[in-house]
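First up is the structure itself, then whatever we jot down about it.
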Amino acid sequence: MSNPLSEAEDSPLFITSLAKGLALLAAFGAGRPSMNLVEMAEVTGLNKSTVQRSAYTLEALGYIAKEPQSKRYRLTPKSLEIGSGYLQTSELIERANPYLHELNRSTRESCNLLEPSGTDMTYVSRFASHKQISIHVPLGQRLPMYCTSAGRAYLSALSPEEAAAIIARSRLVAYTQNTETDPSRLAKIVRKAHGDGFACSNEEYYVGDIAVGAAIVNAEGRPLGAVNIAVPFSRWTLKDALADLAPQLVNTARSISNAARGLKPLVSPATG
Numbered sequence: 002m003s004n005p006l007s008e009a010e011d012s013p014l015f016i017t018s019l020a021k022g023l024a025l026l027a028a029f030g031a032g033r034p035s036m037n038l039v040e041m042a043e044v045t046g047l048n049k050s051t052v053q054r055s056a057y058t059l060e061a062l063g064y065i066a067k068e069p070q071s072k073r074y075r076l077t078p079k080s081l082e083i084g085s086g087y088l089q090t091s092e093l094i095e096r097a098n099p100y101l102h103e104l105n106r107s108t109r110e111s112c113n114l115l116e117p118s119g120t121d122m123t124y125v126s127r128f129a130s131h132k133q134i135s136i137h138v139p140l141g142q143r144l145p146m147y148c149t150s151a152g153r154a155y156l157s158a159l160s161p162e163e164a165a166a167i168i169a170r171s172r173l174v175a176y177t178q179n180t181e182t183d184p185s186r187l188a189k190i191v192r193k194a195h196g197d198g199f200a201c202s203n204e205e206y207y208v209g210d211i212a213v214g215a216a217i218v219n220a221e222g223r224p225l226g227a228v229n230i231a232v233p234f235s236r237w238t239l240k241d242a243l244a245d246l247a248p249q250l251v252n253t254a255r256s257i258s259n260a261a262r263g264l265k266p267l268v269s270p271a272t273g
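Sequential numbering of the sequence shown, starting at 2, is according to my numbering.
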């Protein structure tokens with residue numbers, strides 16, 4: 002299988018320094034809120050000289066800053082500009098939000114819109130539960146497709162070959178004792194989700210979290226993303242969630258799909 006990134010890097014249009022700077026920005030996250038130059042080099046695989054130049058440039062532009070005492074780098078609020086533009090201009094988010102908001106009002110539980118990013122799904126819209134929230138999930142958070150309801154719903158709308166290819170590229174990690182990591186069993190779960198019209202996960206990524214997901218498709222039947230409802234184990238059982246929440250979620254996914262009929266997927270499942 003060809004690597005689209007490797008092919009792009011061979012093009013005279015590819016700006017390597019820009020790619021390295023973006024890799025440095027992407028290296029920051031919940032597990033790495035701050036880093037020094039050595040840590041940046043370790044995480045990105047770039048040499049220290051490249052990291053030093055990239056960090057200097059990003060600091061001069063205002064995207065990262067040094068902590069006064071430790072001299073470690075952190076992202077600044079300006080870094081939000083890079084991703085927030087998408088949230089403000091996405092046609093899918095704009096068309097989905099009214100339906101997602103209504104679902105949130107009806108269920109009073111956390112309702113989310115996610116879109117594919119490689120082998121993950123990314124939260125792009127979220128209406129939080131009216132009740133106590135046990136798990137904070139910010140916009141931009143990425144979760145693996147194979148063990149999440151939204152990811153499985155998205156996979157179920159692809160061809161079996163495309164879904165299998167994504168699972169094969171995934172790093173199959175057991176996040177909890179319930180996480181399914183066997184590719185053949187995951188394929189069966191995806192096939193079942195295709196027949197049911199929705200997918201579920203029961204404490205497979207977060208302990209205490211139950212979720213139901215349904216795919217959003219365009220007029221050609223190609224998946225654009227997925228919606229899901231996440232509820233805590235303290236208030237719900239999987240059986241009750243499937244009986245009560247799944248029908249409402251499927252109706253919402255159909256409404257959004259109708260509103261998004263003319264949209265095209267932004268990424269190809271083959272390339273991520």
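Beta carbons are placed, not taken as given, at the ideal position from N, Cα and C, and that holds for glycine.
Supposed contact pair residue j and residue i - C-beta distance, whole angstroms, cut 8 Å
i    : j    : result
I211 : L239 : 6 Å
S150 : S80  : No, S150 and S80 are not in contact; Cβ-Cβ is about 30 Å, not under 8 Å.
S50  : L25  : Going by Cβ atoms, the distance from S50 to L25 rounds to 13 Å, so no, they are not a contact pair.
G226 : L47  : That belief does not hold up - the Cβ atoms of G226 and L47 are roughly 32 Å apart, past 8 Å.
A242 : V268 : Actually they are not in contact, since the Cβ atoms of A242 and V268 sit about 29 Å apart, beyond 8 Å.
P184 : A169 : 7 Å
L76  : F29  : 5 Å
Q249 : L104 : 6 Å
A231 : N113 : 7 Å
Reduced DSSP category for residue i - H, G, I as helix; E, B as strand; rest coil
i    : result
L267 : coil
D121 : strand
P69  : coil
R236 : coil
S103 : According to the sequence displayed, residue 103 carries Glu and not Ser. Note: E103 maps to helix in three-state DSSP.
E10  : helix
L144 : strand
L23  : helix
A261 : coil
N252 : helix
T149 : coil
L47  : coil
Nonlocal neighbours in the same chain, by C-beta distance under 8 Å from residue i, ignoring five residues either side
i    : result
R33  : E40 and V44
Q142 : T123 and Y124
L88  : I94, V125, S126 and L140
K72  : N37
N219 : L225, S258, A261, R262, G263, L264, K265 and P266
S171 : T120, P145, M146 and Y147
G22  : S55, T58 and L59
T177 : E204, E205, Y206, Y207 and V208
A188 : P161, A164, A165 and I168
Same chain, Cβ closer than 6 Å to residue i, five either side skipped, listed in chain order
i    : result
R255 : none
A129 : S111
A260 : R96
A164 : L156 and V191
L173 : T182
Sequence-distant residues of the same chain with beta carbon closer than 7 Å to residue i, five excluded per side
i    : result
L38  : K49, V52, Q53 and A56
T17  : none
S98  : A small correction: the amino acid at residue 98 is Asn; Ser does not occupy that position in the sequence shown. So the qualifying residues of the chain are S126.
A20  : none
R223 : P266
Identified DSSP bridge partners for residue i
i    : result
G30  : R33
Y74  : M36 and K67
C201 : V213
C112 : F128 and I230
P139 : Per DSSP, none; premise fails for P139.
P224 : V218
Review point. What are the start and end residues of each continuous alpha helix (DSSP H) run of 4 or more residues lying completely inside the region 76-100, in chain order?
Key: If we require 4 residues or more, the alpha helix (DSSP H) runs fully inside the region 76-100 come out as 81-90.
Point to revise | Runs of alpha helix (DSSP H) lying entirely within the region 154-209, each at least 4 residues, in chain order | key: 161-170 and 184-197
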